[in-house]
Every structure is written in C-alpha cells, then in structure tokens.
Amino acid sequence: MNQRQRHIIRLSLLLTFLFSLTLSYGEENEMPYTEEETYTEEEVSDIEIDEETGYQPSFEEKPVHTAPFPVNTGESYTKKREELKKAHPYPFSIEEENTHEKSEYLNSLFSFVKNLQEIGIYILVAILIICIIAFCAVKLLHWNGSKTKNTKMDDDELSIHHTYTNEEVNQLLANGNYKEAIKIVYIRTLQLLNEKGIIAWTPYKTPIEFYYEVKDSKVKKELMELTSSTMAVRYGNVEATINDYERATLNYNGIKNSLQ
Numbered sequence: 305m306n307q308r309q310r311h312i313i314r315l316s317l318l319l320t321f322l323f324s325l326t327l328s329y330g331e332e333n334e335m336p337y338t339e340e341e342t343y344t345e346e347e348v349s350d351i352e353i354d355e356e357t358g359y360q361p362s363f364e365e366k367p368v369h370t371a372p373f374p375v376n377t378g379e380s381y382t383k384k385r386e387e388l389k390k391a392h393p394y395p396f397s398i399e400e401e402n403t404h405e406k407s408e409y410l411n412s413l414f415s416f417v418k419n420l421q422e423i424g425i426y427i428l429v430a431i432l433i434i435c436i437i438a439f440c441a442v443k444l445l446h447w448n449g450s451k452t453k454n455t456k457m458d459d460d461e462l463s464i465h466h467t468y469t470n471e472e473v474n475q476l477l478a479n480g481n482y483k484e485a486i487k488i489v490y491i492r493t494l495q496l497l498n499e500k501g502i503i504a505w506t507p508y509k510t511p512i513e514f515y516y517e518v519k520d521s522k523v524k525k526e527l528m529e530l531t532s533s534t535m536a537v538r539y540g541n542v543e544a545t546i547n548d549y550e551r552a553t554l555n556y557n558g559i560k561n562s563l564q
C-alpha cells in the first residue's frame with residue numbers, strides 16, 4: 305500500500321466519523337417525547353357525579369379529558385350538546401371548537417417544518433465540512449506528488465549531466481556499493497545514447513520509453529538487459545552483487561561497440 309492509498313483511507317475514515325457525529329448531534333436536539341398522563345381508578349374515586357347531567361368519568365385507565373362533555377359522534381353527540389347547552393347556558397359554538405382544532409393542526413405543521421429546517425441545517429453543515437476536508441486532502445496529495453516529482457526530476461537531471469569518473473566508480477566498488485555503481489553504468493549508457501541522437505532525454509521519461517526510442521536490434525537487446533538489472537537492484541528487493549555490476553558493464557560495452 306503506497307502513501308497515496310493510505311491518505312485516501314485516512315480521509316474516508318475521517319469523513320465517516322464527522323458524518324456520524326453530525327447525525328448524532330441532530331438526534332440529541334430533537335424535541336423530547338412526553339407521554340400522556342393517565343389516572344387510575346383510585347385517583348379518580350373522589351370525583352363527584354354531576355347531578356344535573358349525570359356525567360361520571362370512566363374508571364378505566366385513560367387520559368382525563370378537559371372537555372365539559374364526553375367525546376362522541378352521531379346523534380347521541382348532538383343530543384348531549386343540546387342538553388348541556390340548556391343545563392349550562394354560556395357562549396358555545398362549533399366555530400370555536402373548529403378554530404381550536406385548526407390551531408392545533410397549524411402548530412403541528414409548523415413544528416414539522418421547523419424540524420425539517422433544523423435537519424437541513426445539519427446536513428448543509430456536514431456537507432460543508434466534508435467539502436473543506438476533501439479540498440484540503442486533494443491539495444495535500446497534489447503537493448506531495450509535486451514534491452516527489454520535482455525531487456525525482458532534480459536527481460535525474462543531476463545524473464544525466466554529471467560526468468562520473470572511474471575513481472568514483474572504483475570507490476563505490478571498494479565500499480561494496482554495487483547498487484550505485486550499476487546506476488552509474490546505466491546513466492553512462494543514457495548519456496551515450498543521447499549524444500549519438502538515438503534517444504532524446506527529457507525529464508519524467510521512463511526506462512521503457514527510452515527503450516522504444518532505440519531502433520537498432522543489437523543495441524535494443526543490450527539496453528533491455530541493462531535496464532532490467534538496473535531496475536531490479538534500484539527498485540526491487542534484489543541485492544546487487546559484483547556479478548550484477550560486471551554484467552551491466554558488459555551491456556554498456558556492447559552498446560558502445562555497436563555504435564562505433
């Protein structure tokens with residue numbers, strides 16, 4: 305797993321955590337549910353019966369209604385209303401009851417709309433946070449990629465334009481640093497091919513691109529062997545040995561002899 309993949313995994317985990325946190329915050333701010341209060345038979349045992357209307361509340365456990373008459377529908381409902389109006393004369397109209405019902409309906413509707421607005425705000429905040437984090441992550445990945453690319457370019461430019469002496473190579477061999485010695489052989493080969501006009505060296509070109517620029521079959525074969533051994537010791541898990549260096553030197557000399 306490379307560094308870019310690790311960055312993407314970390315970003316995904318962070319976005320998931322923030323989204324879950326936003327949803328949890330929204331749930332905590334919801335209106336609490338209040339259970340309807342009920343009364344038992346013992347609690348209403350002392351309620352007196354209305355002598356005029358004969359009304360007595362039920363002893364079953366249920367919410368106590370504040371209406372002056374039992375809720376009912378149909379003919380019995382209308383008859384009971386008329387009896388109550390005669391027994392207790394006071395301003396009483398269906399319009400007042402309808403107005404109360406409409407008011408309750410509007411209150412519930414406005415409460416629902418308010419809850420939707422709060423949820424929408426939470427969602428917008430979560431989206432904004434996600435966008436900011438994603439933007440910063442993309443910038444970070446782009447910056448890391450540019451830094452790596454520029455470092456590689458500077459290293460290649462220094463190598464391709466640097467003239468390596470035999471003393472440098474001998475010092476590397478004496479220290480057992482065969483990996484760097486093979487790299488020098490490969491760079492010398494690219495310098496030779498570039499001077500002869502066989503390849504056009506530019507930054508960011510890959511070894512396989514240099515290989516396909518070569519037309520001569522003998523040179524191409526030697527370059528392929530040299531490229532394979534160089535890539536194996538530079539980027540693979542292969543430990544370079546003196547035999548690898550000697551084989552790379554043979555490839556270089558074979559290319560040089562073919563171009564004479």
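In my numbering, the protein residues as written are 305 to 564.
We put the beta carbon where it would ideally sit given N, CA and C, even for glycine.
Inset, instruction - Output the distance between the C-alpha atoms of N481 and N474, rounded to the nearest integer angstrom. - result: The alpha-carbon separation between N481 and N474 amounts to approximately 10 Å.
Legend entry - Residue of K519, T469, L476, P511 minimising C-alpha distance to A536: P511
Inset, instruction - Compute the distance between the beta-carbons of K500 and L563, then report whether it is under 7 Å. - result: yes
Legend entry - Segment limits, alpha helix (DSSP H) that includes Y549: 546-562
Inset, instruction - Can you grab the Cα-Cα spacing for the pair G540 / I434, in whole Å? - result: 38 Å
Legend entry - Buried versus exposed call for A485 [16 or more other C-beta atoms within 10 Å across all chains shown]: buried
Legend entry - Contacting residues, own chain, Cβ-Cβ under 8 Å from Y515 (five flanking each side not counted): K524, L527, M528, T531
Legend entry - For D520, the nearest candidate out of A438, I502, E387 (CA to CA): I502
Inset, instruction - Could you have a look at K509 and say whether DSSP puts it in helix, strand or coil? - result: coil
Inset, instruction - Classify G540 as helix, strand or coil using the three-state DSSP reduction. - result: Coil at G540, not helix or strand.
Legend entry - Of the listed residues A438, D548, E387, nearest to L477 (C-alpha basis): D548
Inset, instruction - Can you have a look at K522 and say buried or exposed, based on whether 16 or more other CB atoms are within 10 angstroms of its CB? - result: exposed
Legend entry - I488 versus E513, N479, T534, residue with shortest Cα-Cα distance: T534
Inset, instruction - For V518, name the three-state secondary structure that DSSP assigns. - result: coil
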